[in-house]
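What follows is one structure encoded as structure tokens, with my remarks underneath.
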Amino acid sequence: MTTAQRPERSVPKPQFTDAEAGAQEFPDSGASARRYNYYKPAKRKQTHYEDVTVDVQPDPRHYLAQGWIYGFADGSRGYPLTWTKLKAWGVDKPEPVNGVGTGNNHVVDWPAHGWHEFRDPNEEWEMTFYRYNANVVRQTTQNVENARQAKAFDNWTPNWKTFVERNVGAWMHIEHILGLYVFAAINRSCPTNMHNTAMVVNSMHKIRFAQDLALYNLTLSEEIEGFDGAAHLDAWNNDAEWQGVRKVVEALTAVDNDWGEMAFATNVVFEPLLGELFRSNLVQQSAAGNGDFVTPTVIGAGEYDYSQRDLRWTQACFGPLTQDKEFAAHNKELMQGWLSHWVPMCLEAARAMQPLWSQTDSKPPRFEDSLDRAKSRFAGIVTELGLEPPKELSQ
Amino acid sequence: MAKAHQKIQELSWEPQYHEPYMKYGTDYTFRKAAKKDPLKQVLRSYFPMQEEKDHRVYGASDGAIRGNMFRQVQERWLEWQKLFLSIIPLPEVSAARSMPMLFHVVPNPELHNGQAIQMIDEVRHSTIQQNLKRLYMNNYIDPAGFNNSLRNFHSDYCGTIGRQFAEGFITGDAITAASIYLTIVAETAFTNTLFVAMPAEAAANGDYLLPTVFHSVQSDESRHISNGYATLLMALSDEDNRQLLERDLRYAWWNNHRVVDAAIGTFIEYGTKDRRKDRESYAEMWRRWIYDDYYRSYLVPLEKYGLVIPHDLIEESWKQIWEKGYVHEVAQFFATGWLANYWRIDGMTDTDFEWFEYKYPGWYDKYGAWWENYNRLATPNGHNPIVFEDVDYVYPARCWTCMVPCLVREDMVMADIDGVTRTYCHEVCRWTDVEAFRPTYQGRETPNMGRLVGHREWETLYDGWNWADVVSDMGFVRDDGKTLTAQPHLDLNPKKMWTLDHLRRCPPLGSPNVAINNLDAAGKAAFLADYNKQGPAGRPAPSGA
Numbered sequence: 001m002t003t004a005q006r007p008e009r010s011v012p013k014p015q016f017t018d019a020e021a022g023a024q025e026f027p028d029s030g031a032s033a034r035r036y037n038y039y040k041p042a043k044r045k046q047t048h049y050e051d052v053t054v055d056v057q058p059d060p061r062h063y064l065a066q067g068w069i070y071g072f073a074d075g076s077r078g079y080p081l082t083w084t085k086l087k088a089w090g091v092d093k094p095e096p097v098n099g100v101g102t103g104n105n106h107v108v109d110w111p112a113h114g115w116h117e118f119r120d121p122n123e124e125w126e127m128t129f130y131r132y133n134a135n136v137v138r139q140t141t142q143n144v145e146n147a148r149q150a151k152a153f154d155n156w157t158p159n160w161k162t163f164v165e166r167n168v169g170a171w172m173h174i175e176h177i178l179g180l181y182v183f184a185a186i187n188r189s190c191p192t193n194m195h196n197t198a199m200v201v202n203s204m205h206k207i208r209f210a211q212d213l214a215l216y217n218l219t220l221s222e223e224i225e226g227f228d229g230a231a232h233l234d235a236w237n238n239d240a241e242w243q244g245v246r247k248v249v250e251a252l253t254a255v256d257n258d259w260g261e262m263a264f265a266t267n268v269v270f271e272p273l274l275g276e277l278f279r280s281n282l283v284q285q286s287a288a289g290n291g292d293f294v295t296p297t298v299i300g301a302g303e304y305d306y307s308q309r310d311l312r313w314t315q316a317c318f319g320p321l322t323q324d325k326e327f328a329a330h331n332k333e334l335m336q337g338w339l340s341h342w343v344p345m346c347l348e349a350a351r352a353m354q355p356l357w358s359q360t361d362s363k364p365p366r367f368e369d370s371l372d373r374a375k376s377r378f379a380g381i382v383t384e385l386g387l388e389p390p391k392e393l394s395q
Numbered sequence: 001m002a003k004a005h006q007k008i009q010e011l012s013w014e015p016q017y018h019e020p021y022m023k024y025g026t027d028y029t030f031r032k033a034a035k036k037d038p039l040k041q042v043l044r045s046y047f048p049m050q051e052e053k054d055h056r057v058y059g060a061s062d063g064a065i066r067g068n069m070f071r072q073v074q075e076r077w078l079e080w081q082k083l084f085l086s087i088i089p090l091p092e093v094s095a096a097r098s099m100p101m102l103f104h105v106v107p108n109p110e111l112h113n114g115q116a117i118q119m120i121d122e123v124r125h126s127t128i129q130q131n132l133k134r135l136y137m138n139n140y141i142d143p144a145g146f147n148n149s150l151r152n153f154h155s156d157y158c159g160t161i162g163r164q165f166a167e168g169f170i171t172g173d174a175i176t177a178a179s180i181y182l183t184i185v186a187e188t189a190f191t192n193t194l195f196v197a198m199p200a201e202a203a204a205n206g207d208y209l210l211p212t213v214f215h216s217v218q219s220d221e222s223r224h225i226s227n228g229y230a231t232l233l234m235a236l237s238d239e240d241n242r243q244l245l246e247r248d249l250r251y252a253w254w255n256n257h258r259v260v261d262a263a264i265g266t267f268i269e270y271g272t273k274d275r276r277k278d279r280e281s282y283a284e285m286w287r288r289w290i291y292d293d294y295y296r297s298y299l300v301p302l303e304k305y306g307l308v309i310p311h312d313l314i315e316e317s318w319k320q321i322w323e324k325g326y327v328h329e330v331a332q333f334f335a336t337g338w339l340a341n342y343w344r345i346d347g348m349t350d351t352d353f354e355w356f357e358y359k360y361p362g363w364y365d366k367y368g369a370w371w372e373n374y375n376r377l378a379t380p381n382g383h384n385p386i387v388f389e390d391v392d393y394v395y396p397a398r399c400w401t402c403m404v405p406c407l408v409r410e411d412m413v414m415a416d417i418d419g420v421t422r423t424y425c426h427e428v429c430r431w432t433d434v435e436a437f438r439p440t441y442q443g444r445e446t447p448n449m450g451r452l453v454g455h456r457e458w459e460t461l462y463d464g465w466n467w468a469d470v471v472s473d474m475g476f477v478r479d480d481g482k483t484l485t486a487q488p489h490l491d492l493n494p495k496k497m498w499t500l501d502h503l504r505r506c507p508p509l510g511s512p513n514v515a516i517n518n519l520d521a522a523g524k525a526a527f528l529a530d531y532n533k534q535g536p537a538g539r540p541a542p543s544g545a
């Protein structure tokens, strides 16, 4: 028997290049050269989050020598700072005018207390974001599956089933619309990479939560006899209790060309006054008494998204603007105006929801008490931002 | 999963009280379009899947550091990554930002779900790529260029060429930008060379981190391709869109070819040390991934819908790469201008020459002597950088549209716009500026079409400046305050490295565009005639020709 000679395989040959850090000394071989040096960290040390988000998007006010190279038909280009009426330090400074022989012309003392100082306190980037949401998805799925196996839905009181199919079901539409048509939408308009990353994350929290509710609804349709999986559509489209909220949600998507107002009105006004009012002060308070330990775990995941994460970036985004060394008064006046516009709408919508507090067998705290809690929470958020709770709150 | 996806469709929203604010417009119409989402992705499965992909990427990163991959990384390769990884995170995050432009103009709530998932994918890509660069900065021998890449990219003419890729996604007609340019051409065609062909070359150069990261990125692209295809089919339903589709396919194809082939072609052909004869050249990769995979199996079948696809431009792109040496001309130009960059460019050796001649017969006659001169002039020894020396090379004019210089000299054309004479690398780039990006197209009102704006010629900003001041102004100087970040060789011995002092004695930078505009009409005509007669590799026109 002969052994066939195989031809030598053609593969790249590894080579020892000694191209590792520290192998030689030369200008820029020191330890200080091994960090991104084009931005100032918010604190003493650069964070991983800052390293992967700061300055990815250029700005003609900084180093972008040749300016934006594509424009819209109306002449606007890139991320105009006028796409919100809010102002941050340096906004009114003109962009450097480059031309023949001007060189780079970059602005040295930039940014100061301006848009580019915003950092998401949640430090969200790819790795943190996927870990967090994958964990939420796993936990929610496990909770629902556990309840399904334990036949936990059999313990629900009769009217709770109707409440969940109509009203918890209706809430999925709100999260979906806010996710897609508020936060995803303004991710194009906001001025920096750090803003847009925070908004995309906020958007995906909401879309995920909406889908969690939809899939929970699907499970309930399969597990509970007579559970009408389409009732949420009827409630959302027709129930008087939901039309006020729907009007506010749709109005949030229809704000005229101001990403700042959309984010502010949603996370500062709508969420505490209507979101937490329904989620925390009605559903979470009612479920246990009606024999339901599952729905709070699904709702609770969305509630955590807002109260522990989305609200945090919102405060970090808008808070400094009310203390801006140049535009504090302008921003406060503007935000107070937004509060005066959105608070009455939200309160009206909240009052339209009042009948929901009477629909279940085991009653939650009184509507007025729930609303007071929501108002108190809202007033706290507003005060922390350096604003006055609007007089409309006492309506 | 199908049931879950079906359920998600119940979330579709028809406004009752307020219509969303329509910030971004399009000249396309979607009156007759069938509305289907081909993607069927729900986040319950999406997040754990992406997390698992991340685990693999970060596990590989950890392994690369522990195993000290950098002992075997080719510096020639990693230096070019200073440019590539400066540019690419911006197009990624811009793609995230372009998605909501489609929410408003594509009346298909089912599809918005897929576009939102693409949006977060793109944020993922941007930060995972920034993180890869961070890892190189920390572990590769020379961090300079990685550590200030975002400032550098904002100032550098190569970065600006790459920025086309990003700004084309986010500005102008929403469908042109976010659908045709981004998903239908850039992602469906050119990510194959970006994220598949290039990683293969990285691995051959001892870098298995870039393939790990970029294959993880590429595995998201199928979602994005589906978004593009669904939108394309919707657009095809309405006869009025044909004219715009055909315009946009021409623009998007040509601009992607000009920009991506210039960059990725150079990285693959001139950034590699792998000179096995049976490894594919960029031309061969292009033929496989773009011509066969995209053109023949994606674009050509669209003809059955009556769409006129730009056969002529695909053939012309191939001709540019195969016959006119487009990639070789670009690599030579990058190397000519090494001192205006922030990475080190290795010269070509006899082994490289032999490979190029084998893959591209006739290469040596065109480019060999110039690269020999490049090596001769690589370390400072009383002479100036190669751009100032007599090596039979004419510094090229810049293309106003794609911003890559007009390197295939015979193709250069000119036009007078708004009182300024502009140069274009090819007739299609002239057409893009003069005809496509205009408020009317072939007599049709196109009020949403974007504009080409900005200071599109880097050289003009520095016209008349001393080179030491140019490089200082851009910030491409190392921590001793005088050694250049860029070098035309890989020797890190400080005695072999160029400094600002060497540049101080050089002639000032002169903008070809400023010079052209100072000519009278006859002078401009003579300039154009001479330019078109210049030879391959930037050789001057024969005297008396």
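Protein sequences appear in the order of chains A and B. Using the UniProt record's numbering, you'd call the opening residue of the first sequence number 1 and step up by one each time. Using the UniProt record's numbering, you'd call the opening residue of the second sequence number 1 and step up by one each time. Note that beta-carbon positions come from the ideal geometry of N, C-alpha and C, so glycine has one too. Only a predicted model underlies this, so the values are computations on that prediction, with no experimental measurement involved.
Per-residue contacts from LYS495/B into chain A (C-beta, under 8 Å): Going along chain A, no residue has its Cβ under 8 Å from LYS495/B, so there is no contact; the nearest lies around 10 Å.
State the DSSP-derived secondary structure class of GLU126/A, mapped to helix, strand or coil. helix
Between the CA atoms of GLU280/B and residue 548/B - distance to the nearest angstrom: An answer regarding residue 548/B cannot be provided, because it is not within the stretch 1 to 545 covered by chain B.
Give the range of the beta strand (DSSP E) segment to which ILE417/B is assigned. 413-417
Nearest CA to the CA of SER286/A: which residue from TYR304/A, GLU50/A and ASN167/A? ASN167/A
Please list the partners that THR102/A has in chain B, where partner means a Cβ-to-Cβ separation under 8 Å. LEU461
Compare the C-beta of ASP248/B with all C-beta atoms of chain A and state if any pair is closer than 9 Å. no
Could you tell me which uninterrupted alpha helix (DSSP H) segments, each at least 4 residues in length, are contained entirely in the stretch 360-420 of chain B, listed from first to last along the chain? 369-376
Using a Cβ-Cβ cutoff of less than 8 Å, which residues in the same chain neighbour LYS85/A once the five nearest sequence positions on both sides are dropped? ASP258, GLY260, GLU261 and LEU334
TRP68/A and GLY90/A closer than 9 Å at C-beta: no
Euclidean distance between Cα positions of TYR395/B and ASP54/B: 45 Å
With a Cβ-Cβ cutoff of 9 Å, do PRO389/A and THR383/A count as a contact? yes
According to a CB-to-CB cut-off of less than 7 Å, which residues of the stretch 244-264 of chain A neighbour chain B? ARG246, LYS247, GLU250, ALA251, THR253, ALA254, VAL255, ASP256 and ASN257
Using the beta-carbon of each residue, which ones in chain B are nearer than 7 Å to TRP68/A? GLU167, VAL453 and GLY454
Would you identify the three-state DSSP class for LEU452/B, choosing helix, strand or coil? strand
Using 10 angstroms around the beta-carbon of ARG444/B, count the other beta-carbons present and answer buried if the total reaches 16, otherwise exposed. exposed
Return the CA-CA distance between LYS304/B and ASN241/B, expressed in angstroms with no decimal places. 16 Å
Report the three-state DSSP secondary structure of GLY168/B (helix, strand or coil). helix
Between the stretch 136-149 of chain B and the stretch 75-90 of chain B, do three or more beta carbon pairs fall short of 8 Å? yes
At the 9 Å Cβ level, is MET403/B part of the contact set with chain A, yes or no? yes
Taking only beta-carbon atoms, is LEU220/A less than 9 Å away from chain B? no
Return no unless some Cβ of chain B is closer than 9 Å to the Cβ of ILE299/A. no
Distance between SER297/B and VAL107/A (C-alpha atoms, nearest Å): 49 Å
Would you mind telling me which residues of chain C sit closer than 7 Å to MET137/B, beta carbon to beta carbon, in chain order? Reference to chain C is not applicable here, since the protein chains of this structure are A and B.
Option in PHE195/B, ASP238/B, TYR140/B and THR188/B with minimal Cα separation from ALA34/B: ASP238/B
Within 9 Å, strictly: CB atoms of VAL182/A and LEU273/A: no
With a cut-off of 9 Å, does the C-beta of GLN164/B fall near any C-beta of chain A? yes
Taking the beta carbon of GLN534/B as the centre, do at least 16 other beta carbons fall within 10 Å, making it buried, or is it exposed? buried
Beta-carbon gap between ASN143/A and MET204/A smaller than 9 Å: no
Name, going along the chain, the residues of the stretch 171-200 of chain A whose beta-carbon falls closer than 8 Å to a beta-carbon of chain B. MET172, HIS173, HIS176, ILE177, GLY179, LEU180, TYR181, ALA184, ALA185, ILE186, ASN187, ARG188, SER189, ASN193, ASN196, THR197 and VAL200
Tell me which residues of the stretch 73-98 of chain A have at least one Cβ-Cβ distance to chain B shorter than 9 Å, keeping chain order. ALA73, GLY75, SER76, ARG77, GLY78, TYR79, TRP83 and ASN98
Can you find at least 3 beta carbon pairs, one from the stretch 209-220 of chain A and one from the stretch 1-11 of chain B, that sit closer than 8 Å? yes
Determine the contact status of MET447/B and ASP27/B, defining contact as a CB-CB distance below 9 Å. It is Pro, not Met, that sits at residue 447/B in the sequence shown. In contact: PRO447/B and ASP27/B (Cβ atoms closer than 9 Å).
With distance defined between alpha-carbon atoms, name the residue in ASN202/A, GLU225/A and PRO14/A nearest to ARG309/A. ASN202/A
Under the DSSP definition of a beta bridge, which residues are partnered with THR423/B? MET414/B
Which full runs of the alpha helix (DSSP H) of 4+ residues lie inside the stretch 87-162 of chain B, going along the chain? 89-105, 109-139 and 149-155
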